[in-house]
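J.:
Residue numbers (the numbering used here): 408 to 641.
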């Protein structure tokens, strides 16, 4: 479904991604884990058209997408939930969800998808007229995911969905991520909570200093001594 081949990204003179190659099959949950500054968020931004490649190639369902702008990539079926949620704070919950559907023309189906989002996130239904900036952190995360789902993505990119949230809310968010996947959406998850991410994923990539250091079955990585020492202990 998605394939990154020898992707290089620079920030000025900083070589942020170094020949990154990643493959994601339809229906999978794949996680990308690593320390702060390792290149996780940059990888997602490269996929969604928010960062330009210096070299390499990104293909989605066989189509080269790294020369497309972010709006065109959303139309193809990739949605990005950015780190820090980035909801439109001075707009209502409903207006935020409407913004998620801005690339769509199928108005009847859009109404059905509002209902799907509200069934997934009942708290958003209760607060649909409330300003997004007044929601709790967990509710804003739910809104950010709901807004992304309104574009009807085939692939959703989730950047640090557990950041700054209470453990009970983190469990709820990860349960929702599994639900999203089980209903047909492929997931690429960037997450500092490596234990939660590996237990939620089918496969995993570990990125370090802009390079893929390891890849494989996520559950096996949980038991790998090198992974445990670097990412799971303490």
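Glycine included, C-beta positions come from ideal geometry on N, C-alpha and C.
Can you check DSSP and say which residues form a bridge with residue 483?
T.: As a working note, residue 483 is residue 76 in the chain shown. Per DSSP, none; premise fails for residue 483.
J.: For the segment 576-608, which segments carrying the beta strand (DSSP E) assignment without a break, of at least 3 residues, lie completely within its bounds, in sequence order?
T.: 593-597
J.: Starting from residue 623, follow its DSSP beta bridges and name the residues at the other end.
T.: The residue given as residue 623 occupies position 216 in the chain shown. Paired residue(s): 611.
J.: In the segment 493-539, which residue ranges form an unbroken alpha helix (DSSP H) of at least 4 residues, counting only runs that do not cross its ends?
T.: 500-507, 514-527, 529-533
J.: Is it a yes or a no for the segment 611-628 touching the segment 465-484, going by three-plus beta-carbon pairs under 8 Å?
T.: no
J.: How many Å lie between residue 576 and residue 545 at the Cα?
T.: Within the chain shown, numbered from 1, the residue matching residue 576 stands at position 169. Within the chain shown, numbered from 1, the residue matching residue 545 stands at position 138. Spanning the two alpha carbons is a distance of roughly 6 Å.
J.: Which residues does DSSP pair with residue 415 in a beta bridge?
T.: Position 8 of the chain shown, counting from 1, holds the residue named residue 415. Looking at the DSSP assignment, residue 415 forms a beta bridge with 462.
J.: Closest by CA to residue 559, which one among 529, 590, 581?
T.: For the purposes of this step, residue 559 is identified with residue 152 of the chain shown, where counting begins at 1. If we check each option's Cα against that of residue 559, 590 comes out closest.
J.: Please state whether DSSP places residue 573 in a helix, a strand or coil.
T.: For this step, residue 573 is matched to residue 166 along the chain shown. Reduced to three states, the DSSP call for residue 573 is coil.
J.: What's the C-alpha gap between residue 638 and residue 477?
T.: Here residue 638 refers to the residue found at position 231 when the chain shown is read from its first residue. Here residue 477 refers to the residue found at position 70 when the chain shown is read from its first residue. Spanning the two alpha carbons is a distance of roughly 32 Å.
J.: Below 8 Å, how does it come out for the segment 596-605 and the segment 433-449: are there three or more Cβ pairs, yes or no?
T.: Counting Cβ pairs under 8 Å, three or more are found: they touch.
J.: Please report the residue range of the alpha helix (DSSP H) in which residue 472 lies.
T.: Here residue 472 refers to the residue found at position 65 of the chain shown. Run containing residue 472: none; DSSP gives neither H nor E here.
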